[in-house]
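Just add 879 to wherever you are in the sequence shown, counting from 1, and you've got this note's numbering.
Heads up, the beta-carbon is just placed ideally off N, CA and C, and yes, glycines get one too.
Since the structure is predicted, the reported quantities are computational estimates derived from the model, not experimental observations.
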Amino acid sequence: MDLVTHALSGALLARAAWPHARHGRARTTAALLAAAFPDLDYLLFWLAPSLFLNAHRGATHSLLMLPLWAALLALPLARLLHAPWRRLVGPCALGITAHIAGDLITVYGTQCLWPLSTQPWALGWSFDVNPWAALIVGLACLPARRRPRAALGAAVLALGALLVLQVQLRERALALVDGSGVRRVQALPQPLSPFHWLLLVDVDGTQGRYAHLTLWPPPWPWPVLAGFDARGYHAADGLDWQPYTRFGRDAGTRALAADAWASPALAGLRHFAQWPALYRLDTDGDETCAWFTDLRHTLPGQPPPFRYGACRRGADAPWRAYRLRYFSSDGRQAL
């Protein structure tokens, strides 16, 4: 979920949990800040970009580490908010719990049992940024000052209805795909609309196809959303299936891409990617680069956000890791 939704959900929960307690405002503020805290690991994107893919939603999102984070966060907040430390530990724990729960329903994956396990858990019910969930939580915060528990109850019911709708729509999307003779089929939510889905079909582990589906047949009444549909989301009877491969199609490309994929330079991407695909193969003089992406984060008309590659100069040179910068075609960063 986005940072604002996380923070507001923490504040809403704390306001409902301690509506008339002493230091109520401090508790609510502590929960709001604690609910935003786990995403502090975004700093890794700038400080250690090579670690970001697998470290994001790791230590700061762990249920096992939650008591420690809550206790540590309450120390500076007690001084900042002029409230006893022991009265802020609970709100901090509640805020962090709300954050973890919000991320667990998305696609990216959350390492809930770090450090015992780095297995990312992802229910895949919602896209990582869900404007409808943000709207529900934001509206619920408006009456929360006077009627916090009623506001929380209304928000829980609305969010539950939204998630039930998305789960049902996912089942409808999966029912449209013929799963016979393939290894795996998955339907993943997309941004802006619960009716938008990404269909992924893995044929044999090295190749498959994907398509962007809309389950809302009539044109959207709002031009912005109608235009978004027109840019790449298609109804079931007009799906535009796109093929993908992990290593390419001709023998030379397959050998080169497979060598790059197996290199230590891409160990992090191999651990992260659940739907790895060859993005492109570049040759410039004696330098060769094999770029890969994870199809889970593919949006129509947009370059994938996670594009990592291995480059080398000469057949005997070691592969070195790079990433393509967001929204760029050729801007790369050494890792």
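Where the beta strand (DSSP E) through residue i begins and ends
i       : result
Trp1076 : His1075 to Asp1081
Gly1188 : Arg1186 to Arg1192
Arg1159 : Pro1155 to Asp1163
Trp1140 : Note, Trp1140: premise wrong, no beta strand (DSSP E); alpha helix (DSSP H) at Ala1130 to Trp1140.
Trp1170 : Glu1166 to Asp1173
Closest Cα partner of residue i within the set the options
i       : options                             : result
Leu887  : Tyr1112, Ser929 and Pro1022         : Pro1022
Ser1207 : Gly1188, Gln990 and Pro1184         : Pro1184
Ala1160 : Asp1129, His902 and His1176         : It is worth fixing the name first, because residue 1160 is Leu in this sequence and not Ala. The shortest Cα separation from Leu1160 among Asp1129, His902 and His1176 belongs to Asp1129.
His1113 : Leu923, Trp1076 and Arg1133         : Trp1076
Tyr987  : Ser996, Gly889, Trp993 and Ser1005  : Ser1005
Ala1033 : Leu882, Asp918, Ala1134 and Val1016 : Val1016
Leu1118 : Leu1078, Leu995 and Thr989          : Leu1078
Val1064 : Ser941, Val1082 and Pro1070         : Val1082
Asp1116 : Pro1182, Val1056 and Ser941         : Val1056
Ala890  : Leu1018, Leu1148 and Gly937         : Leu1018
Cβ neighbours of residue i in the same chain (closer than 8 Å, five flanking residues each side left out)
i       : result
Tyr1123 : Gln1086, Gly1087, Arg1088, Tyr1089, Ala1156, Leu1157 and Leu1174
Ala927  : Ala934
Leu945  : Ala972, Ile975, Thr976 and Ile979
Leu983  : Thr989, Cys991, Trp1000, Ala1001 and Leu1002
Leu1038 : Ala1012, Ile1015 and Val1016
Neighbourhood of residue i by C-beta, 6 Å cutoff - its chain only, sequence neighbours within 5 removed
i       : result
Leu1145 : Ala1189
Trp1095 : Phe1074
Ala905  : Leu960 and Ala962
Leu942  : Cys991
Ala909  : Leu956, Leu967, Pro970 and Cys971
Cys1020 : Leu887 and Leu891
Residue(s) in a DSSP beta bridge with residue i
i       : result
Thr1124 : Gln1086
Trp1095 : Note: Trp1095 sits in no beta bridge, so no partner.
His1113 : Leu1092
Val1064 : Val1080
Trp1000 : Thr989
Tyr1205 : Note: Tyr1205 sits in no beta bridge, so no partner.
Arg1211 : Leu1203
Residue i at chain D interface by Cβ criterion, 8 Å
i      : result
Asp982 : Looking at the structure shown, chain D is missing, and only one protein chain is on hand.
Endpoints, the alpha helix (DSSP H) within which residue i is located
i       : result
Pro946  : Leu945 to Leu960
Ala1034 : Pro1027 to Ala1054
Ala896  : Leu882 to Ala896
Arg966  : Trp964 to Leu983
Arg906  : Gly903 to Ala915
Asn933  : Pro928 to Ala934
His1150 : Ala1146 to Phe1151
Trp1011 : Pro1010 to Cys1020
Own chain, CB closer than 7 Å to residue i, minus 5 neighbours either side, in chain order
i       : result
Ala1052 : Ala1066, Trp1076, Leu1078, Leu1092 and Leu1094
Tyr1205 : Pro1184
Problem - Cβ contact (3+ pairs, closer than 8 Å) linking the region 967-984 and the region 892-902 - result: Counting Cβ pairs under 8 Å, three or more are found: they touch.
Practice task
May I ask you to verify whether the region 916-930 touches the region 1000-1012, counting CB pairs closer than 8 Å and requiring at least 3?
Solution key: Look at the beta carbons and you see the region 916-930 not touching the region 1000-1012: under three pairs across the two are nearer than 8 Å.
Exercise for the section: Examine the Cβ distances between the region 1033-1045 and the region 900-913 and report whether three or more of them are shorter than 8 Å. Expected result: Segments in contact, no.
Handout entry: Cβ contact (3+ pairs, closer than 8 Å) linking the region 1198-1207 and the region 1138-1153
Key = They touch, by the three-pair rule.
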